[in-house]
Structures are given as structure tokens and as C-alpha cells.
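The sequence shown runs contiguously to residue 211 in my numbering. Just so you know, even glycine gets a beta-carbon here, dropped at the ideal spot from N, CA and C. Every value quoted in this text rests on a predicted model; they were computed, and no experiment measured them. Reviewing the structure listed below.
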Amino acid sequence: MKVILDQDKCVASGQCVVAADDVFDQDDDGIAVLLDPTPSSDRADDVEQAAAVCPALAIRILG
């Protein structure tokens with residue numbers, strides 16, 4: 149699994165951090181930061197949830 153985050157689309161909702169806090173964080177302005185672009189397969193459900201709840205659709209999952 150590879151995760152791609154488009155920070156330019158991010159609206160700083162923080163939903164990705166709530167869903168997968170070991171994969172996503174937020175900077176001082178609330179913009180999402182990708183901590184792990186290739187999370188292990190046991191994190192797949194959480195990462196997929198993060199992508200699903202992102203109001204800006206800023207997260208893409210490949211593979």
C-alpha cells in the first residue's frame with residue numbers, strides 16, 4: 149500500500165489523524181502531514197477510513 153496526500157487540497161479537518169494517527173499528523177496550521185507513505189498492511193483499514201472521511205478527498209491509496 150502506498151499513500152499519497154495532496155496537502156494543497158487539505159482543509160485541516162483532522163479526520164485523517166483521528167482515523168490513523170500513526171500515518172497522519174497535522175502541522176501548526178492544521179494541514180495534514182503524511183508520516184508513513186507505505187504503512188504496513190495491518191494499518192490498511194485505518195488508512196482506508198482516513199481516506200473515506202477526508203472532506204477534501206486529499207488522500208489517495210495505491211496498491
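- Contact between Leu-183 and Asp-170 holds: their C-beta atoms lie close to 7 Å from each other, under 8 Å.
- Proximity to Gly-162 across Arg-208, Gln-174, Arg-191 peaks at Gln-174, based on C-alpha coordinates.
- By the criterion of a C-beta distance shorter than 6 Å, Ala-199 is surrounded in its chain by Ile-207, Ile-209, once the five residues flanking it on both sides are discounted.
- For Asp-173, the uninterrupted beta strand (DSSP E) run begins and ends at 172-174, by DSSP.
- In the DSSP annotation of this structure, the continuous segment of the beta strand (DSSP E) that includes Ala-180 starts and ends at 180-182.
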